[in-house]
Amino acid sequence: MSDNFSNLSDRARDIFRLVVESYLDNGSPVGSRTLSKISTINLSPASIRNVMQDLEETGLLAAPHTSAGRIPTQSGLRLFVDGMMQAAEPSAEERAAIEAQVKHDGPVEEALSAVSSILSGLSDCAGLIMVPQKEAVLNQFSFVRLSPTQALAVLVGADGNIENRIVDISPQLSDTNMAEAANYMSERLSGMTLSEAIKRLDEEITSERAMLDKVSADLVRKGLVIWSSDANNRPILIVKGQSNLIDDSANADLDMMRQLFDDLENKEAIAKLIDGARVAQSTKIFIGSENNLFSLSGSSVIAAPYREEGGKIIGVVGVIGPTRLNYARIVPMVDFTAQTLSRLGKI
Numbered sequence: 000m001s002d003n004f005s006n007l008s009d010r011a012r013d014i015f016r017l018v019v020e021s022y023l024d025n026g027s028p029v030g031s032r033t034l035s036k037i038s039t040i041n042l043s044p045a046s047i048r049n050v051m052q053d054l055e056e057t058g059l060l061a062a063p064h065t066s067a068g069r070i071p072t073q074s075g076l077r078l079f080v081d082g083m084m085q086a087a088e089p090s091a092e093e094r095a096a097i098e099a100q101v102k103h104d105g106p107v108e109e110a111l112s113a114v115s116s117i118l119s120g121l122s123d124c125a126g127l128i129m130v131p132q133k134e135a136v137l138n139q140f141s142f143v144r145l146s147p148t149q150a151l152a153v154l155v156g157a158d159g160n161i162e163n164r165i166v167d168i169s170p171q172l173s174d175t176n177m178a179e180a181a182n183y184m185s186e187r188l189s190g191m192t193l194s195e196a197i198k199r200l201d202e203e204i205t206s207e208r209a210m211l212d213k214v215s216a217d218l219v220r221k222g223l224v225i226w227s228s229d230a231n232n233r234p235i236l237i238v239k240g241q242s243n244l245i246d247d248s249a250n251a252d253l254d255m256m257r258q259l260f261d262d263l264e265n266k267e268a269i270a271k272l273i274d275g276a277r278v279a280q281s282t283k284i285f286i287g288s289e290n291n292l293f294s295l296s297g298s299s300v301i302a303a304p305y306r307e308e309g310g311k312i313i314g315v316v317g318v319i320g321p322t323r324l325n326y327a328r329i330v331p332m333v334d335f336t337a338q339t340l341s342r343l344g345k346i
């Protein structure tokens, strides 16, 4: 990509930039006659056509139809975004609207939903926000035998939520063992997160303070591990504004729209995709087939990580839309939203 950029002449860069900006603005192929009317170009349509042909041969532009109009390829968009785009900072009104939603009172998920909605509205895309689900804090735990080899583990969290999971048990496990395990967990591990409880269990078994036989201790461990693993693998993902993805140009390709909406239903896959932005220090842009999930629908994802007070990355915020996005406006907007979430410590 950098080679393509360095090999372009000033004239080719100017024409390429104008093609991309015009395409992102109106979604239509850009012709040489249109560009020749721009005063800064000062070239004949024939000269412009020659440059556009050269850009097409380098893989930066493509002709979608038999007409002379060109549009940027995915590689062209990537070159533009990485090396030529002039970002436009969010306006004072946009910043105020985002900050107002981040300060939203009430449960965390309501605030996240409000942030996703305002980002969707401002960008005319679908808004995405993800944060790993926090580990439940243990309050009470019980086991109910389902069969000689299975039991139902019932967790009551400090927030009042009750969830169940099936665990495999030894046929030798008695009802007394199950009661002993549940009492130990409720009495010794209450008020801890699941990972903290596992650490406490290990420490007490090592020091022989657990007062549990091996069969009961194994059941306690199984109950804790299944819950700890489950919490880490279930991120909260909120998607708002899918209707923004339906416009006149989208309706021209209904198959792609159906594919996109099918992809949006797969929240686990979306979570894995934007989780890739957690390792980034700033906003990350996935264009078209650069991400496997949305490659068939030809969509782009812009996502940025946000942090807790100590600086640890705890979530990702972003948008999804067609590859024809106003990247110069939306990238800074997503970045500002992530910074605001970090600064105001919403999670």
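Just so you know, the sequence shown maps onto residues 0 to 346 in numbering that gives the first Met the number 0.
Cβ coordinates follow ideal geometry from the N, Cα and C atoms, glycine included.
As the structure is a prediction and not an experimental result, all values here were calculated from the model.
- In this structure, the beta-carbon distance from Val300 to Leu259 does not fall below 8 Å.
- Here DSSP, grouped into helix, strand and coil, assigns Ile284 to strand.
- Per DSSP, the beta bridge partners of Arg144 are Ala150.
- Pairing Gln73 with Thr322 gives a Cβ-Cβ distance under 8 Å.
- For Asn138, the secondary structure class from DSSP, reduced to helix, strand or coil, is strand.
- Nearest Cα to Arg306 within the set Gly287, Leu343, Ser288: Leu343.
- Bounds of any alpha helix (DSSP H) do not take in Glu289, whose DSSP letter is neither H nor E.
- Distances from the alpha-carbon of Arg69 to those of Asp9, Val29, Ala99 put Val29 closest.
- In the DSSP secondary-structure assignment, Ala303 is bridged to Val316.
- DSSP places Gly310 in no alpha helix (DSSP H); its state is neither H nor E.
- Spanning the alpha carbons of Leu292 and Phe335 requires a straight line of approximately 26 Å.
- With 16 or more other Cβ atoms from the protein chains shown falling within 10 Å of its own Cβ, Thr339 counts as buried.
- A direct Cα-Cα distance of roughly 48 Å separates Lys221 from Tyr326.
- Here DSSP, grouped into helix, strand and coil, assigns Lys239 to strand.
- In this structure, Phe142 and Ala196 do not form a Cβ contact; the two beta carbons are roughly 15 Å apart against a cut-off of 8 Å.
- Counting other Cβ atoms within 10 Å of its Cβ, Asp158 stays below 16 and is therefore classed as exposed.
- A direct Cα-to-Cα measurement between Ser215 and Ile161 gives close to 22 Å.
- With a minimum length of 3 residues, the unbroken runs of beta strand (DSSP E) contained wholly in the region 51 to 131 fall at 125 to 130.
- DSSP places Arg10 inside the alpha helix (DSSP H), whose first and last residues are 9 to 25.
- Here Ala110 is buried: its Cβ has 16 or more other Cβ atoms, across all protein chains shown, within 10 Å.
- Going by C-alpha positions, Thr175 is about 53 Å away from Val318.
- Nearest C-alpha to Ser169 among Met332, Gly126, Gln149: Gln149.
- Note that the region 40 to 48 touches the region 10 to 17; at least 3 beta-carbon pairs, one per stretch, sit closer than 8 Å.
- With fewer than 16 other Cβ atoms from the protein chains shown falling within 10 Å of its own Cβ, Glu308 counts as exposed.
- Going by DSSP, Ile197 is part of the alpha helix (DSSP H) stretching over 193 to 205.
- Nearest neighbour of Ala152 by Cα position, chosen from Asn6, Ser35, Leu324, Leu223, turns out to be Leu223.
- Taking the Cα of Leu23 as reference, the smallest distance to any Cα among Glu98, Ala96, Leu324, Met332 is reached at Leu324.
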